[in-house]
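Visitor: Supplied in structure tokens, the structure appears directly below.
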Amino acid sequence: MPVDDDVLQQVAMSRAEYERLLDLLDREPTDVELGMVGALWSEHCGYKHSKPLFKYFPSEGEYVLTKA
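Residue numbers (this note's numbering): 132 to 199.
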């Protein structure tokens with residue numbers, strides 16, 4: 132049974148990400164799987180929104196501790 136948008140919002144997953152999960156699993160995820168993947172693919176764990184912005188930060192200089 133397809134998941135509605137309210138459930139996807141609760142696990143911080145977009146419809147496109149959910150469709151990708153369906154392709155990977157080749158079946159509907161369980162509630163536990165959906166929650167786990169939502170957490171693993173979240174901004175906190177995967178930097179899905181901020182990673183593209185890293186290129187705008189310096190990667191060398193006195194105050195740079197490590198290269199990104």
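Idealized CB from N, CA, C, for every residue including glycine.
Do Ala143 and Gly166 have their beta-carbon atoms positioned less than 8 Å apart in this structure?
Guide: no
Visitor: DSSP three-state call for Pro133: helix, strand or coil?
Guide: If DSSP states are grouped into helix, strand and coil, Pro133 belongs with coil.
Visitor: Which parts of the region 135 to 167 are runs of the alpha helix (DSSP H), unbroken and 4 residues or longer, counting only runs that do not cross its ends?
Guide: Counting only runs of 4 or more, we get 136 to 141, 146 to 156.
Visitor: Give the straight-line distance between the Cα atoms of Cys176 and Leu156, rounded to the nearest whole angstrom.
Guide: Taken atom to atom, the span from the alpha-carbon of Cys176 to that of Leu156 is near 21 Å.
Visitor: Secondary structure at His180, three-state DSSP: helix, strand or coil?
Guide: coil
Visitor: To the nearest angstrom, how far is the alpha carbon of Lys182 from that of Thr197?
Guide: Distance between Lys182 and Thr197, taken at the CA atoms: about 16 Å.
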